[in-house]
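Numbering (this note's numbering), first residue to last: 5 to 292. Don't be surprised by glycine CBs; every beta carbon is placed ideally from N, CA and C. Because the structure is a prediction, the values reported are computed rather than measured.
The following block contains the structure:
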């Protein structure tokens, strides 16, 4: 059995291939090793009743996750998964590589994640070449859920949000400075907290302020991330993530203005990624 995971900072999607049955799918909270440790990851997995009956039958686990960009961070996830799946081969890679597999397959192209955070890399059909981006919610994440959430919160607290929107925002979230500071600076997963406010944009999508905010955020993402590559116009740019998916109109229009060729836009990559991995491994088995 092969278990495949796509993990962001907010949620993790999992799929397991079952003999003579449709794949088993389930979701856990995000398992970004910058925000959760080895014990916490293992605890999350132990609380998933769907997977435990198959733990000793799973022989391969492919985990693609946000924050899995250095060997020490990948080791945190790998050690935790080994505790749950002791007989399995464990592979831990970045979520960006998983998105490249899901959107590009074996073709060349740029792949961008725009969800809770944001990042970009070039995929040559075999390997992912990540660049200087992906700086996280404090220094980067332009155009992401965390970026938009931060802008919404600050405009509300500073009193610069339009009054009609400010009234709705206040009624929905009941925020003040102390609450925000506590959640951003003292609690776990502050980036997911910030990104949770993106829902407000969906509810007020037709408001000129929200439309302008979205376009400004995507413009900053494109200029800061995509346009730093000298050959960006030669390839399609694929996007993965809830922010890119739900606000695709503004994203597409910003890209068109700036000369970016948009490829696939996926809300989440798990199904495409799962089938890519399973098909690849089955072909390798046939060769052997």
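Under DSSP, residue 117 shares a beta bridge with 123 and 244. Residue range 212-228 is occupied by the alpha helix (DSSP H) that includes residue 220. Annotation: residue 269 is outside any alpha helix (DSSP H); the continuous beta strand (DSSP E) that includes it extends over 265-270. Annotation for residue 252: the continuous alpha helix (DSSP H) segment containing it runs 252-261. By the neighbour-count criterion, in which 16 or more other beta carbons inside 10 Å mark a residue as buried, residue 117 falls on the buried side. DSSP places residue 174 in the uninterrupted alpha helix (DSSP H) bounded by 167-177. In this structure, the beta-carbon distance from residue 150 to residue 125 does not fall below 8 Å.
Rounded to the nearest whole angstrom, the C-alpha separation of residue 153 and residue 23 is 43 Å. With the rule of 3 Cβ pairs closer than 8 Å, the segment 79-94 does not count as touching the segment 272-292.
About 18 Å separates the beta carbon of residue 218 from that of residue 231, a gap too long to meet the 8 Å contact definition. For residue 31, the beta-bridge partners assigned by DSSP are 17.
Between the C-alpha atoms of residue 170 and residue 90 there is a straight-line separation of about 52 Å. Residue pairing of residue 69 in beta bridges, as defined by DSSP: 11 and 98.
Each of 68, 122 and 188 was checked against the Cα of residue 248, and the nearest Cα belongs to 122. Short of 6 Å from the beta carbon of residue 240, and not among the five residues preceding or following it, lie these beta carbons of its own chain, in chain order: 113, 265 and 267.
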